[in-house]
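Worksheet: one structure, shown below.
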Amino acid sequence: MEKFSIVTGGASGLGFEFVKLLLNDKYNVVIVDNDKKELNNIKSKLDLKFEKKIIVLHKNLSNPNSSKEIFNELKNKNVEILINNAGFGLFGMFNDTDWEIERNMIMVHVMCTTEMTKLFLKNMIKKKKGKILNMASLAAFQPGPLMSIYYSTKAFILHFSESIANELKGSGVSVTVLCPGQTRTNFQKKVSSKEKKINFNFSTAEEVAKYGYNAMMNGKTIAIPGIINKILSTIHRFIPRSLATKVMRKIQEKNRNS
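Counting from 45, one number per residue, gives the positions in the sequence shown under this note's numbering.
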């Protein structure tokens, strides 16, 4: 039986790097994204390079029905890998930011990740084979003033993934949560127009995707690329949370403010 994989937010950035890794490992790939033009563009390019099937699904994942629609289209396929990668950020004071954008962020990060996991997990357990990778962030480990919804939703993804990974021990199915630090993708451009940002400890999308992919394939639960990021993920254990929150705000002001 042909083996299929799914990558949400797969038309660019980290998602596109995951797509290439899966194709190189001989998986058929379903790429889900809300950018129809870019979906068709990358499909044309990848079809010329790879023999495996590439299916593109144009979906707005902030739509409450999107996860069920994706599942209904793919439920008869042998989906062995699910990568919940789609996401975006928003910078600003909570009382000033656009609620509609934040609502959509909660829908994509929390509701879509959770429901996609719920829907595709059952068949994986039945077959005793499957891997799920959920995209969190280094942001998941501490509060994030000026990006409060983003940090909070990533914390949900981290804790949710850890919990499900524990429940699945011995089932043949694993859940990995990837928690990268600053990564050179379109995400950085969309949350800030500032040119002189903190350039320390940046990784490329290719580096982060390879790290997360290998962690998923090896059944690792939490994947934090880079020794500096591993240290930063524990900083709240050694200083008061109020101080950690102040530090994060200073970083955001330096890295995002125009």
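Glycine residues also receive a C-beta, built at the ideal position from the N, C-alpha and C atoms.
Between the options, which lies nearest to residue i when the distance is taken from Cα to Cα?
i, options, result
"R281", "Q186, S111, M191 and E251", "Q186"
"K81", "V74, Y71 and L101", "L101"
"A55", "G270, L134, M261 and N84", "N84"
"F115", "K294, C156 and Q296", "C156"
"R228", "L134, E250, G263 and E211", "E250"
"K173", "A183, P189, V217 and E211", "V217"
"F246", "Y257, K254, G225 and I266", "G225"
"N68", "I176, I193 and F94", "F94"
"F204", "Y195, V221 and M191", "V221"
"K112", "L163, N120, F48 and I272", "L163"
"I169", "G133, H153 and G214", "G214"
In this structure, does DSSP put residue i in helix, strand or coil?
i, result
"F60", "helix"
"I75", "strand"
"L134", "coil"
"S49", "strand"
"E211", "helix"
"N128", "strand"
"T157", "helix"
"S218", "strand"
"A199", "helix"
"K265", "For clarity, residue 265 is Thr in the given sequence; the question names Lys instead. Correct three-state label for T265: coil."
Would you mind giving the Cβ-Cβ distance between residue i and residue j, rounded to the nearest angstrom? I have them listed as a contact below 8 Å.
i, j, result
"N72", "K103", "The Cβ separation is near 18 Å, so there is no contact."
"R285", "P189", "No, R285 and P189 are not in contact; Cβ-Cβ is about 12 Å, not under 8 Å."
"H153", "G131", "5 Å"
I need the boundaries of the beta strand (DSSP E) containing residue i, first residue and last residue.
i, result
"H280", "Here H280 belongs to no beta strand (DSSP E), and DSSP marks it neither H nor E."
"M12", "Within the shown structure, residues of the chain are numbered from 45 to 302, placing residue 12 beyond reach of any answer."
"L101", "I98 to H102"
Which residue comes first and which comes last in the alpha helix (DSSP H) that contains residue i?
i, result
"N258", "A249 to M261"
"L276", "I271 to L276"
Exercise. Would you check if the segment 87-98 and the segment 131-140 touch, i.e. whether three or more CB-CB distances between them fall below 8 Å?
Key: The segment 131-140 is not in contact with the segment 87-98.
Exercise. Would you check if the segment 107-114 and the segment 122-130 touch, i.e. whether three or more CB-CB distances between them fall below 8 Å?
Key: Touching, no, given that fewer than three Cβ pairs across the two stretches are closer than 8 Å.
Quiz item: Is the segment 173-184 touching the segment 249-269, taking contact as three or more C-beta pairs under 8 Å?
Solution: Because the criterion of three Cβ pairs below 8 Å is met, the segment 173-184 and the segment 249-269 touch.
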